[in-house]
Each structure stands twice: as structure tokens, then as C-alpha cells.
Amino acid sequence: MNRPGIEPNLAATMLHRAQLNPERIALIFEEQEIKFCRIR
Amino acid sequence: MRRLASLFRSGGVCVGDRVGYLGFNHPALLETMFAAQALGAIFVPLNYRLTAQELTFIINDAGIHTLVADNALQPVLAPAIPDLCCTHYFSSESEAAGWRHLDTERAAAPQLASAVSVDQHDVAVIMYTSGTTGLPKGAMLTHGNILWNNINAMLAFGGSRDQVILTVAPLFHIGGLNVMTLNSFHMGSTVVLLRNFDPARVLADIERYKVTNMFGAPAMFLFMSQHPAFATTDLGSIESLLCGAAPVPESLIVLYAARGIAFCQGYGLTETAPFSSFLTPEWTGSKLGSAGQPPLYSATRIVDDNNRPLSAGERGEICLRGPNIMKGYWNRPEATAAAIDEEGWFHSGDVGYLDEDGFLYICDRLKDMVISGGENVYPAEVEGALYKHESIAEVAVIGLPDEKWGEAVTAVVALHDGHQLTLEELREFAQPLLARYKLPLRLHIVSALPRNPAGKVLKFVLKDDLQT
Chain C
37 MNRPGIEPNL
47 AATMLHRAQL
57 NPERIALIFE
67 EQEIKFCRIR
Chain B
1255 MRRLASLFRS
1265 GGVCVGDRVG
1275 YLGFNHPALL
1285 ETMFAAQALG
1295 AIFVPLNYRL
1305 TAQELTFIIN
1315 DAGIHTLVAD
1325 NALQPVLAPA
1335 IPDLCCTHYF
1345 SSESEAAGWR
1355 HLDTERAAAP
1365 QLASAVSVDQ
1375 HDVAVIMYTS
1385 GTTGLPKGAM
1395 LTHGNILWNN
1405 INAMLAFGGS
1415 RDQVILTVAP
1425 LFHIGGLNVM
1435 TLNSFHMGST
1445 VVLLRNFDPA
1455 RVLADIERYK
1465 VTNMFGAPAM
1475 FLFMSQHPAF
1485 ATTDLGSIES
1495 LLCGAAPVPE
1505 SLIVLYAARG
1515 IAFCQGYGLT
1525 ETAPFSSFLT
1535 PEWTGSKLGS
1545 AGQPPLYSAT
1555 RIVDDNNRPL
1565 SAGERGEICL
1575 RGPNIMKGYW
1585 NRPEATAAAI
1595 DEEGWFHSGD
1605 VGYLDEDGFL
1615 YICDRLKDMV
1625 ISGGENVYPA
1635 EVEGALYKHE
1645 SIAEVAVIGL
1655 PDEKWGEAVT
1665 AVVALHDGHQ
1675 LTLEELREFA
1685 QPLLARYKLP
1695 LRLHIVSALP
1705 RNPAGKVLKF
1715 VLKDDLQT
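Chains as they are written, first to last, in our numbering: chain C, 37 to 76; chain B, 1255 to 1722.
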């Protein structure tokens, strides 16, 4: 059976998300907008 | 994240090491967490309301290798540093004497090539929760626990990348970190992060950023509703508010319903990462008072004292099972064995029942735990501190209903002959020993505590007496 190797590391998930949505705003903190690409 | 991970790695952080963060809500907390996890290390968020003494215990118990703290919390920790086990100390905001500066050193660090591969059963976060025995225990939450919690939450509430989440609950709590915040990162939506709770700021940011969802304790939503700006703030973007930590009073549900805003309610614990039940808006009216239904990938049952399942309507201990249940307590195999039985059911210590439709109703919070302003206060811990006062012969700590805080930490005290004690004196005495939210708000002096034949204090008698 094919068992896909999903990487459960939360940090790896974040890096993957940052690739998928680089220009989206991930976080707003005290007027500062932080895009997903900056998380990388 | 890659540069910060590289910086930690150069300081010696390896797979399984612990990296701590002490501070108010800030992007640096999340960056520290992801950077640690990228190395396969374990993140330990620390409660900024604790005293130096309490923090010392937790930091050394967890064996934190590298600690990051913001400027506001560095003075709290300063007297304890000689007693701490940490190898490196980083200041997350401005430069500070004796602390390495995170931003400066990160900017100079190379990028980590890739995150370490982990198993879903590897620990991602250790989150400390006060125990009934008085000593905090570290709940080990795995990468899989957090992933499955987020899947459960998305399947219950839905979610989209267009959502704007407001996080003001402290990120050192499971509620602040993993009810909506990490879920939002998974989803790819936006988090508006506030350093701490200020009702005016929350209302202003809801309107400014068109916030769609927010998690909070009932006390937060109460304070928001009492603020003069509540009536004039545009809350039209809100899809739902999610409430946890304590049941939402009906008056609050009605108040927000008048603005067209529904509450979702949830029940969960740090050990369950946290979602164990959801009450979605369509059930808020017909199942008023219920904590809702179990998530899709999780199960709930009620058992008697002999761990036998009970029927609908029968009260017993709430037990929970699923991929969201913690791995165990850090370095506490006995406590883990006591909490998770051989079949994998986590025993919550909370008392409740399931109705005929499978909706959970909670009757008593973790034995005698007090929930004040959304914070769990464990009487045994407070009693242990108060017993050190020379005037106190015996003391019992209970929670009494309080309009502002939900429950007020109440000390019922019997004094030694010839002694006197005021609430102010008691709070002043306990201030160095306990976090502020654990300090008694009320003091009742009695001649002796009511006890059963075995000597156990009958707290329900005290509660009944003091409420009437």
C-alpha cells in the first residue's frame, strides 16, 4: 500500500504554507503587517 | 524562522532540547516556537503572571536550554537567574544588559536549510498546568496532537483563508495558542495579535481589521460589552465568537445576540490540545448550558469511580480519547499513568454527563478548581502558600460566584488563638509566593473548618454557607 509521508513538523508546515501563500498577511501586530514570506 | 533556528542551533539546541519563551503576546513568541520546532526541539511557553519562584521551578523542571524573554519580564526573572539551568538567555525586544539580543544575532545568522523531520508522536510543546497537588506539571503535546486538534476544529467550525482571527488570549495558554492562532497559520488566514487585553483596543481592532473570529474567556467578552465604545463599534464583520475556560452566562449570549453575534462554546484542557467538545451556534439555544458534542476525531465517555461507562443522564468523570490527547506529563510517569488509563482514555477530573443526544454537560470543574477571570486556580497550591502565614491554623480555598471574575478566589480561614488577619494583610503576605490572579479576593474567618470523619474539609458545606 502506498503510505504518503506527510511531514507533521509544525515548522515544516509553516514553511510549506509560506511557499503556498507568500504574499498573504499572516500576522498583524501593533500596526506591523507580517506576510507569510517573512516567516520563512 | 530559518535564521532564528540557525542561531539556536549554533548555541547548541538539538533534537528534543527545550526552548522557552517568557513574555506578553508578540510575534517573537511564535517565531521562537517555530524555530525550535524546525530543529526538532520542544517549545515551552511560560506564564508571564507567575512569580520568580514559580518560574524557577518550571524552567528547571523542563530543563530549558535556551530562554527568550521580552523586556517587561526580564526584571521578574532577574533574581532567579543564578538558580536557573538555562545555557543561553535572549532578549526578544530591546537590548538588555546580560541578555543576548535576539534580533541582532538573528540578522547575522545563516538560514537553516530545512526543518528536521519528526514523527507525529514527537513532542512539539510542553505546556505547564498547575496540578491539584500544588506542583505544576508539563503536558507534552506532540506535533500530531496539534495537527489533529486543528483538523477537529476546522471540521467543527469550518474556516477559510479569508478569515481574520483576533488573538488576545495569552499565547502561553493552550486557549491562546491552539484554539485559533495555530489553526489560522495552518489555514493561511490572518491573525491580528494583541500584546495583552484592553477592551478598547480589541473593539477598535475588530472594526479596523474587520475581524471575523475571536477566542476569549467570558470575562473578556463581558468587559468588552461594558466598555463605552461597545455600542458604537462596527461589529458587523464578526462571524462568531468562541468562548472557553468557563460557561458563557446566558445574559452575555443575549447581549451579543442583540448585535447579531453568536457564541460558539468549547470545552477542553491543556492535556487535550485542547478541543474536546464544541457547541456550535445552531445549538446554542436548544442546548443552552451544554459544552457541546465531541469533535469528529475524538471521543467522550462518562465513567463511574470504577471506570465503568455510564448511561445518558448519569453523572460521572468526563473521559476523553483521540489523537489530540497529550503524550503524558513531562518526567511524571506516575501522574501520566494516573491520568491516561490502559485503554487510552484521559481522565479529566471534571464531572459531567451526556444527554440522550450525546451533548456534554459539565457539572463540576476539576474537583474544587476555581476559575477566576478565565484562569485556573488550584486551591491546593494557594492553600499551601497561605498555610505559611503564622496566624493561620487552617485554610480552605474555594471559588464563590463573582459578577466580574466568574469566580472569586476565597480563603476560608481559622486563626490561631489571639491572632487577627485582614484580607489586605493576607494578600500582601502571599504576593511573593503566588501569581496575582491566584491571590484571594475574599477572606472569611471561621472558628474551625467543617470536616468529614476522615478529616477531609467539606468544601461544599463552606460554599453553601457562604453563598446563602
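Glycine included, each C-beta is placed from N, C-alpha and C at the ideal position. The structure presented is a predicted model; accordingly, all values stated were derived computationally and were not measured.
Please list the residues of the stretch 1279-1295 of chain B that have a C-beta atom closer than 9 Å to any C-beta atom in chain D, keeping them in chain order. In the structure shown, chain D does not exist; the protein chains are C and B.
Along chain B, which residues have their Cβ under 9 Å away from the Cβ of C:P58? Counting only Cβ-Cβ distances below 9 Å, C:P58 has no contacts in chain B at all, with the closest Cβ about 11 Å away.
Output the boundary residues of the beta strand (DSSP E) element that contains B:Q1480. Unbroken run through B:Q1480 is the alpha helix (DSSP H), P1472 to Q1480; no beta strand (DSSP E).
Would B:N1467 and B:H1440 qualify as a contact pair, given that the criterion is a beta-carbon distance under 8 Å? No, the Cβ-Cβ distance between B:N1467 and B:H1440 is not below 8 Å.
Return yes when the Cβ of B:S1260 is within less than 8 Å of the Cβ of B:A1393, no when it is not. No. Outside cutoff.
Spatial neighbours of B:L1447 within its chain, please: C-beta separation below 6 Å, excluding the five flanking residues on both sides. N1279 and T1421, listed in sequence order.
CA-CA distance, B:L1431 and B:D1488? Per the coordinates, the alpha-carbon of B:L1431 lies some 26 Å from the alpha-carbon of B:D1488.
Between the C-alpha atoms of B:R1257 and B:E1596, what's the straight-line distance to the nearest angstrom? If I take the Cα positions, the gap works out to 43 Å.
Are any of the Cβ atoms in chain B nearer than 8 Å to that of C:E67? Between C:E67 and chain B, the shortest Cβ-Cβ separation is not below 8 Å.
Pick from B:P1390, B:A1350 and B:A1351 that is closest to B:N1314, judged by C-alpha positions: The shortest C-alpha separation from B:N1314 is found at B:P1390.
Against B:Y1463, what residues of chain C qualify as contacts under a CB-to-CB distance less than 8 Å, listed in chain order? Under the 8 Å cutoff, chain C gives I64.
Once you ignore the five residues that flank B:F1288 on each side, which residues in its own chain have a CB closer than 7 Å to its CB? Shown here for B:F1288: same chain residues with a beta carbon closer than 7 Å to its own, the five before and five after excluded, namely M1255 in chain order.
Is there at least one Cβ from chain C nearer than 8 Å to B:F1439's Cβ? Using beta-carbon distances, B:F1439 counts as an interface residue toward chain C, with a partner under 8 Å.
Identify the contact partners of B:A1378 in chain C, using a Cβ-Cβ distance below 7 Å as the criterion. Within 7 Å Cβ-Cβ: L46.
Here's a check: name, in chain order, each residue in its chain whose Cβ is nearer than 7 Å to the Cβ of B:E1610, leaving out the five neighbours to either side. Counting only Cβ-Cβ distances below 7 Å, and skipping sequence neighbours, we find A1566.
Tell me the DSSP secondary structure of B:L1654 in three-state form. For B:L1654, the secondary structure class from DSSP, reduced to helix, strand or coil, is strand.
Note down the Cα distance separating B:W1599 from B:L1395, rounded to an integer number of angstroms. When rounded, the distance between both Cα atoms is 16 Å.
Closest Cβ-Cβ distance between B:L1401 and chain C: below 8 Å? Chain C, which has a Cβ nearer than 8 Å to the Cβ of B:L1401, makes this yes.
Which whole-angstrom value describes the C-beta separation of B:N1399 and B:N1578, a residue pair presumed to lie in contact below a C-beta threshold of 8 Å? That belief holds up - the Cβ atoms of B:N1399 and B:N1578 are roughly 5 Å apart, short of 8 Å.
Note down, in chain order, each residue of its chain lying with its Cβ closer than 8 Å to the Cβ of B:Q1307, except the 5 sequence neighbours on either side. The beta carbon of B:Q1307 lies closer than 8 Å to those of A1334, P1686 and L1687 in the same chain, with the five residues before and after it left out.
Taking all protein chains shown into account, do 16 or more other C-beta atoms lie within 10 angstroms of the C-beta of B:K1658, making it buried, or fewer, making it exposed? With a 10 Å radius around the Cβ and a threshold of 16 neighbouring Cβ atoms, B:K1658 comes out exposed.
Got a sec: is the Cβ-Cβ distance from C:I75 to anything in chain B below 8 Å? So, interface residue.
With distances taken between CB atoms, is the gap from B:Q1291 to C:L51 smaller than 8 Å? At the C-beta level, B:Q1291 and C:L51 stay beyond 8 Å of one another.
Identify whether B:L1258 lies in helix, strand or coil by the three-state DSSP scheme. Secondary structure at B:L1258: helix, using DSSP grouped into helix, strand and coil.
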